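First up is the structure itself, then whatever we jot down about it.
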Amino acid sequence: MNSSIWKSLIKDSNTLSKPAQAKQLLSTKDVIEIKLLLIKVLRDFFTKENLHIGMKTYINNELRNDFIEKMAANPPNLEHSLEDWSQQIFDDQKFGMILIGLEEYSNSFSEKAATIVRPLLENAGLPLDGLSFLFFMGNYGFTPFGIHKESTGEDGILFHLGPEMKEFYTWDDPKYNSIEHNAKVFHNISEMLPEAKAYQLEPGDAMVIPHSVYHIGNTPKFSLSLVLDYVNPPKDRFENALLKKTAEEALVNQVEYEKPIKLDSPQSILNEVIDLNSIQKKMEITLARKILGLKSNGGIRRISNKISARIPQKENFSIKGKEIFPIYLDAKDSKQTMIFARGHRIVLKKHPLLPQLIDQLNDGEYVTLASIKQFMEPIWDLVEVYNFIQQLLIVEAIITADINNKKLA
1386 MNSSIWKSLI
1396 KDSNTLSKPA
1406 QAKQLLSTKD
1416 VIEIKLLLIK
1426 VLRDFFTKEN
1436 LHIGMKTYIN
1446 NELRNDFIEK
1456 MAANPPNLEH
1466 SLEDWSQQIF
1476 DDQKFGMILI
1486 GLEEYSNSFS
1496 EKAATIVRPL
1506 LENAGLPLDG
1516 LSFLFFMGNY
1526 GFTPFGIHKE
1536 STGEDGILFH
1546 LGPEMKEFYT
1556 WDDPKYNSIE
1566 HNAKVFHNIS
1576 EMLPEAKAYQ
1586 LEPGDAMVIP
1596 HSVYHIGNTP
1606 KFSLSLVLDY
1616 VNPPKDRFEN
1626 ALLKKTAEEA
1636 LVNQVEYEKP
1646 IKLDSPQSIL
1656 NEVIDLNSIQ
1666 KKMEITLARK
1676 ILGLKSNGGI
1686 RRISNKISAR
1696 IPQKENFSIK
1706 GKEIFPIYLD
1716 AKDSKQTMIF
1726 ARGHRIVLKK
1736 HPLLPQLIDQ
1746 LNDGEYVTLA
1756 SIKQFMEPIW
1766 DLVEVYNFIQ
1776 QLLIVEAIIT
1786 ADINNKKLA
């Protein structure tokens, strides 16, 4: 996973706060796999009803979302490269296409992406609003929407996939960094380029883009770039979202009722109404669950898509977890246990040996159905054992294998 290159990039960028480049962070194999997965992402996206949410298409720097319908009618396939497909759709025109939220459309893409960025989380930490991905494709020249900043709190890492070179320019200058987000975009590119620092990106290279730094890319020949959004929200926005989420949790700490206040009560009486200790406990539980959900999903903020997986009919099978997506457990409730798998919450009947079973799955051990039954019965009946396995299968947190030949199902 190129851990040493990641460490150097994190150091050179002062933990994503300064622009920095890493050479060959992605292997040739990584680049090939990501391109194939992006085809799957696009195919799934084009099955959506509202195609104008999440995608933008530019022709000669003009926003032309009418091309999205044409792409949906002729989606890419694995037999042809995205470059060949783009030629069919756009002919020889200068075009650019952007799709955000890639993790929404493919569990396989999310798994590959989480594997690639794991060293980032291990060395720079987990951002409190998680990770999201988008990609650019085309031969559009300079980024159509001008010299811009990333969204507030969203530090970016661009992975260039090629096949051609990409030029990248940054303006890491206090006079620009101090401009508020979304306040100004610059289109006088030729005038500003002499002030910029220039980078040449080859396929496999990566570029850190801090959210406060103005930047622009130049892609004169067909290429693709994958971008990671590493989302650390502003404190006020994070607190407000956490308060809202805490209310949705409907946690119960107290059984007393509030008492009326006198009409002429002073403002200070409000201090007696608000139980800050109780509120803090509820918010801590909510935050802990949010973090467990992110950690169980490799840091990716969107939960995995549920699939229509079925438990093998024959009982001679085993299961194991996925190293990049560990299963986490919250056992604070006295009657039931909540586990986190691929970002999903799964509520199960309490069992004293459940933590041990989850540890085995997280360690990459194949655990047979027979041993799970022996381990969990009679506290769990057979239905509860099968429900546990089924719930993990449909969120793609585990894989199954035939005991006889360990062939993955």
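For any residue, its number in this note's numbering is found by taking its place in the sequence shown, counting from 1, and adding 1385.
We put the beta carbon where it would ideally sit given N, CA and C, even for glycine.
On a predicted model such as this, the values are computed, not experimentally measured, just so you know.
**Asked** Using the C-alpha atoms, what's the distance from N1450 back to M1522?
**Response** 15 angstroms
Here's the rule: buried if 16 or more other CB atoms are within 10 angstroms of the residue's CB, otherwise exposed. What is A1498?
buried
- Which first and last residues belong to the alpha helix (DSSP H) in which Q1665 is found? L1661 to S1681
Can you name the start and end residues of the alpha helix (DSSP H) that M1456 belongs to?
-> F1452 to A1458
- Check R1332 in the structure and name its three-state DSSP category. There is no way to answer for residue 1332, as the model of the chain reaches only from 1386 to 1794.
Less than 8 angstroms between the C-beta atoms of I1542 and L1519, yes or no? no
Where the beta strand (DSSP E) through I1485 begins and ends: F1480 to I1485
From H1437, D1514 and I1438, residue whose alpha carbon lies closest to that of L1677: D1514
Discussion item. Taking 8 angstroms as the threshold (C-beta atoms), are P1559 and Y1443 in contact?
Written reply: no
- Query: So F1623 is in the alpha helix (DSSP H); what residue range does that whole segment cover?
  - Reply: K1620 to E1634
Item checked: Residues of its chain near N1638, where Cβ-Cβ distance is below 7 angstroms and the 5 sequence neighbours each way are ignored -> S1663, K1666 and K1667
- Query: What span of residues does the beta strand (DSSP E) with K1705 cover, start to end?
  - Reply: F1702 to G1706
>> According to DSSP, Y1554 sits in a beta bridge with which residue or residues?
In response: A1583 and I1601
### Query
Taking just the CA atoms, how far does M1592 sit from P1548?
16 angstroms
Work out the CA separation of E1750 and I1395 for me, nearest whole Å.
-> 33 angstroms
Is DSSP giving Y1713 helix, strand or coil here? strand
**Asked** What number of angstroms, rounded off, separates the C-alpha of P1595 from the C-alpha of P1588?
**Response** 21 angstroms
Nearest to P1737 (by Cα), restricted to the options N1747, T1753, E1762 and V1752
E1762
Anticipated Cβ contact below 8 angstroms, F1494 with K1425, distance rounded: 7 angstroms
When you compare only the Cα positions, how much space is there between L1627 and G1728? 17 angstroms
If we count Cβ pairs, one from each stretch, closer than 8 angstroms, do we get three or more for the segment 1562-1569 versus the segment 1610-1622? no
* To do: Determine the extent of the beta strand (DSSP E) in which F1725 is found, giving its start and end residues.
  => Q1721 to A1726
Using only the alpha-carbon positions, how far apart do L1793 and A1694 sit? Residue confidence for L1793 is low, a pLDDT of 42 falling below 50, so the modelled location carries little weight and cannot support an answer.
request  = State yes or no: is the C-beta of H1533 within less than 8 angstroms of the C-beta of S1610?
outcome  = no
(Q) So, does the segment 1764-1784 touch the segment 1704-1718, judging by three or more C-beta pairs under 8 angstroms? (A) yes
*Between the segment 1571-1583 and the segment 1427-1445, are three or more C-beta pairs nearer than 8 angstroms?*
no
Quick check on H1600: buried or exposed, where buried means 16 or more other Cβ atoms within 10 Å of its Cβ? buried
- Message: Once the 5 residues before and after E1454 are set aside, which same chain residues still bring their CB inside 8 angstroms of it?
- Response: L1436
Proximity winner among W1391, F1452 and L1679, relative to I1501 (alpha-carbon distances):
W1391
Notebook entry, point to check: Can you tell me the Cα-Cα spacing of F1773 and L1679, whole angstroms?
Noted result: 20 angstroms
* Asked: Taking the DSSP output, what are the residues bridged to E1539?
  -> V1616
According to DSSP, residues forming a beta bridge with K1346 = Because the chain is modelled from 1386 through 1794, residue 1346 falls outside the range shown and cannot be assessed.
| query | Which residues share a DSSP beta bridge with H1545? | reply | S1610
Could you have a look at K1792 and say whether DSSP puts it in helix, strand or coil?
Because the pLDDT at K1792 is just 45, under 50, the model does not fix this residue reliably, and the value given afterwards should be weighed accordingly. Three-state result, K1792: coil.
Next item on the list: Using DSSP bridges, identify the partner residues of H1533.
Entry: H1600
Next item on the list: Spatial neighbours of K1735 within its chain, please: CB distance less than 7 angstroms, with the 5 preceding and 5 following residues excluded, ordered by chain position.
Entry: K1720, Q1721 and T1722
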